[in-house]
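Report on the structure given below.
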Amino acid sequence: MRQTQFLQMFLVVSLAWLGAFLADAEDAYRYFTWTVTYGTISPLGVPQQGILINGQFPGPPIEAVTNDNMVIDVINKLDEPLLLTWNGIQQRKNSWQDGVLGTQCPIPPGTNWTYKFQLKDQIGTFMYFPSTALHRAAGGFGALNIAQRSVIPIPYPTPFGEFTLLVGDWYKSNHTALRQSLDAGNPLPLPDGLLINGRPNGFTFTGQRGQTYKFRVTNVGIATSINFRIQGHNLTLIEIEGSHTLQEEYESLDVHVGQSVTVLVKLNGSPKDYFVACSSRFTKPIFNVTALLRYDGSNIPASLPLPIAPTYQIHWSMKQARTCRLNLTANAARPNPQGSYHYNTIQVVRTLVLANTATKIDGKLRYAVNGISYVDPDTPLKLADYFNIPGVFTLNTIKDTPPSGPATPGTSVVGTTLHDFVEIVLQNTENAIQSWHLDGYSFYAVGYGSGSWTPDMRKRYNMADAIYRHTVQVYPLSWSAILVSLDNKGMWNLRSAILSKRYLGQQLYVRVWNNEKSLLTEYDIPPDALLCGKAKKTS
0 MRQTQFLQMF
10 LVVSLAWLGA
20 FLADAEDAYR
30 YFTWTVTYGT
40 ISPLGVPQQG
50 ILINGQFPGP
60 PIEAVTNDNM
70 VIDVINKLDE
80 PLLLTWNGIQ
90 QRKNSWQDGV
100 LGTQCPIPPG
110 TNWTYKFQLK
120 DQIGTFMYFP
130 STALHRAAGG
140 FGALNIAQRS
150 VIPIPYPTPF
160 GEFTLLVGDW
170 YKSNHTALRQ
180 SLDAGNPLPL
190 PDGLLINGRP
200 NGFTFTGQRG
210 QTYKFRVTNV
220 GIATSINFRI
230 QGHNLTLIEI
240 EGSHTLQEEY
250 ESLDVHVGQS
260 VTVLVKLNGS
270 PKDYFVACSS
280 RFTKPIFNVT
290 ALLRYDGSNI
300 PASLPLPIAP
310 TYQIHWSMKQ
320 ARTCRLNLTA
330 NAARPNPQGS
340 YHYNTIQVVR
350 TLVLANTATK
360 IDGKLRYAVN
370 GISYVDPDTP
380 LKLADYFNIP
390 GVFTLNTIKD
400 TPPSGPATPG
410 TSVVGTTLHD
420 FVEIVLQNTE
430 NAIQSWHLDG
440 YSFYAVGYGS
450 GSWTPDMRKR
460 YNMADAIYRH
470 TVQVYPLSWS
480 AILVSLDNKG
490 MWNLRSAILS
500 KRYLGQQLYV
510 RVWNNEKSLL
520 TEYDIPPDAL
530 LCGKAKKTS
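In structure tokens form, the structure reads like this:
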């Protein structure tokens, strides 16, 4: 009897202890309420309609830690439907929260919707922005920084402090005027200037002499690559889009649209002000914007000339991209981030060669991928897939290689199987730089080259320590190759990060699927999911 009572008591105490442990061990929750409105802003000295979040341009930064649970209530006070997307956040098993028209119905004007997702196993420098109706050209973007957990060491000395730079091109025309021009068949013009943290000049970062600081730099522009540098200081690259890099030193770094880099800068100069300079790449004329790095207590202003930047040199930029390599010995958000096998040992099961082209459809400028210029249906693809709604999309209407013949409008969805390991070659047939992003994933950027890709180009791939990232540039009349393990079930947007080209058709979706219905592979539809189009009839 006593033995039975003892066992019962032991079981009760053990279960209570385990419950307390699990409660204490639950990852933190971060709650935000964001009101999205129009407001008058004048970044380049001309009053225009901007998109503000809680009255701010750029929007409020998110400072989080690996595995934090995010609860973000978005109140849409615009006069148009709205979605926010979380660029580079992998949304594990949860494409319901991706914030693009292929996965979610937009938030109607005058209503709200709450995003709920986890920053699962990620560290690094990211951003968020509106994905609908060219809204990003009016603002609504902001920083999303994820620090490592305290139990995971970083592969560099702890910085004394850190700064975030949101750098991008800007237009004096409102987003509605830009949209009307694109709808009329006109190409996007050159920007009117560049901004750093929403300003054309005068932003100041203050630090102490002798200390080392982390600079998080994201290109939040809609069309223009930039080059980043700091007068009199070298940049030690430590991270690209969530992956620790080999710590090479650079005088300047190219950052393409949608990309992020993180560098360390030691303040080892004379105590004065220095220019933080960003200039446009591959544009004529070249646009410049400056901020200041001020040594604490300095009363000596920064002096010209600005630090030298590359001009149009494409080959220079491509060579630099090849020098950015993954730190294979470093932890990321968790120990052993490379897993038990290396990407060079995994068998590729499918190759997609995706060529982007400029075209005309019904006499108007459009952009296409493998001959299809994407058009968003009224019903999000994810909802159509979930509710088995016919007539919204058909799998594999887009070919694995570029076809001959004229481009046509359509809804492109590539069908894949969960855990496929896929090679994607992005072939740029246009005489302008491209930037491609895959939602829900990071991938290995294994190769860059000029001209047309052929299978023989695989000999040039970096199969040792390629950067694991979410956005890759493709140089004019060139190609870039990526390898991706499709281990995140859902419907995921593969898009040009050049906003006008995405708006006019350079995007598609990748359906990652298996026939197992389990929360271990994909979460159920949120109970508060918005329904629109043909999905309304299912409610």
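Reminder that position 333 of the sequence shown reads as 332 in numbering that gives the first Met the number 0, one-by-one numbering, no gaps. Every residue, glycine too, gets a C-beta built ideally from N, C-alpha and C.
Cα-Cα separation between residue i and residue j, rounded to whole angstroms
| i | j | result |
| --- | --- | --- |
| residue 318 | residue 289 | 26 Å |
| residue 344 | residue 420 | 11 Å |
| residue 74 | residue 416 | 36 Å |
| residue 325 | residue 115 | 31 Å |
| residue 44 | residue 197 | 12 Å |
| residue 512 | residue 242 | 26 Å |
| residue 170 | residue 520 | 42 Å |
| residue 132 | residue 328 | 43 Å |
| residue 379 | residue 534 | 8 Å |
| residue 31 | residue 313 | 42 Å |
| residue 478 | residue 536 | 44 Å |
| residue 98 | residue 28 | 20 Å |
| residue 283 | residue 46 | 26 Å |
| residue 532 | residue 457 | 44 Å |
| residue 118 | residue 362 | 44 Å |
| residue 182 | residue 502 | 9 Å |
| residue 20 | residue 153 | No answer about residue 20 holds up, because its pLDDT of 32 lies below 50 and its placement is not dependable. |
| residue 159 | residue 392 | 52 Å |
| residue 281 | residue 433 | 11 Å |
| residue 299 | residue 306 | 18 Å |
| residue 389 | residue 505 | 24 Å |
| residue 244 | residue 250 | 16 Å |
| residue 22 | residue 113 | Note on residue 22: pLDDT 35, under 50, position unreliable in the model; the coordinate value appears next. One C-alpha to the other measures close to 24 Å. |
| residue 107 | residue 130 | 14 Å |
| residue 209 | residue 218 | 28 Å |
| residue 176 | residue 296 | 45 Å |
| residue 151 | residue 204 | 28 Å |
| residue 429 | residue 517 | 43 Å |
| residue 190 | residue 221 | 9 Å |
| residue 431 | residue 530 | 38 Å |
| residue 302 | residue 354 | 46 Å |
| residue 65 | residue 148 | 6 Å |
| residue 587 | residue 234 | Residue 587 is absent from the model: the chain starts at 0 and stops at 538. |
| residue 438 | residue 83 | 13 Å |
| residue 308 | residue 200 | 18 Å |
beta-carbon residue i near the ligand SAM non-hydrogen atom, thresh 7 Å
| i | result |
| --- | --- |
| residue 406 | Annotation note on the ligand SAM: not contained in the displayed structure, which lists no ligands. |
Closest residue to residue i among the options (Cα-Cα distance)
| i | options | result |
| --- | --- | --- |
| residue 425 | 405, 418, 413 and 448 | 448 |
| residue 228 | 209, 279, 256 and 91 | 279 |
| residue 400 | 381, 418, 390 and 368 | 368 |
| residue 207 | 434, 271, 443 and 412 | 271 |
| residue 96 | 221, 390 and 525 | 525 |
| residue 135 | 273, 85, 124 and 149 | 85 |
| residue 482 | 440, 183 and 41 | 440 |
| residue 140 | 127, 149 and 146 | 127 |
| residue 67 | 215, 145 and 490 | 145 |
| residue 509 | 523, 446, 517 and 487 | 487 |
| residue 253 | 246, 269 and 236 | 236 |
| residue 528 | 404, 308, 493 and 386 | 386 |
| residue 261 | 142, 123 and 40 | 123 |
Beta bridge counterpart(s) of residue i as assigned by DSSP
| i | result |
| --- | --- |
| residue 277 | 227 and 288 |
| residue 146 | 64 |
| residue 544 | Since the first residue of the chain shown is 0 and the last is 538, residue 544 is not available in this structure. |
| residue 127 | 85 and 141 |
| residue 372 | 408 |
| residue 91 | Residue 91 pairs with nothing; no bridge assigned. |
| residue 33 | 73 |
| residue 436 | 470 and 494 |
| residue 55 | 52 |
| residue 161 | 213 |
| residue 325 | 244 |
| residue 45 | Partner(s): none; residue 45 has no beta bridge. |
| residue 449 | 477 |
| residue 355 | 368 and 427 |
Whole-number beta carbon distance between residue j and residue i, since they are thought to touch under 8 Å
| i | j | result |
| --- | --- | --- |
| residue 422 | residue 350 | 4 Å |
| residue 342 | residue 266 | Between residue 266 and residue 342 the Cβ distance is about 37 Å, and since that is not below 8 Å, they are no contact. |
| residue 224 | residue 174 | No, residue 224 and residue 174 are not in contact; Cβ-Cβ is about 21 Å, not under 8 Å. |
| residue 34 | residue 76 | 6 Å |
| residue 444 | residue 120 | Actually they are not in contact, since the Cβ atoms of residue 444 and residue 120 sit about 20 Å apart, beyond 8 Å. |
| residue 453 | residue 406 | Residue 453 to residue 406, Cβ: 23 Å. No contact. |
| residue 412 | residue 507 | 7 Å |
Test: residue i CB closer than 8 Å to a CB of chain B
| i | result |
| --- | --- |
| residue 137 | Absent from the structure is chain B; it holds one protein chain and no more. |
* Asked: Which runs of the beta strand (DSSP E), 3 residues or longer, sit entirely within the region 376-408?
  -> none
* **Secondary structure, alpha helix (DSSP H): runs of 4+ residues fully inside the region 460-516** => Qualifying alpha helix (DSSP H) stretches, in chain order: 498-502.
* **Within the region 190-267, ranges of the beta strand (DSSP E) (whole runs, at least 3 residues)** => The qualifying runs are 192-195, 203-206, 211-218, 224-229, 234-239, 252-254 and 259-265.
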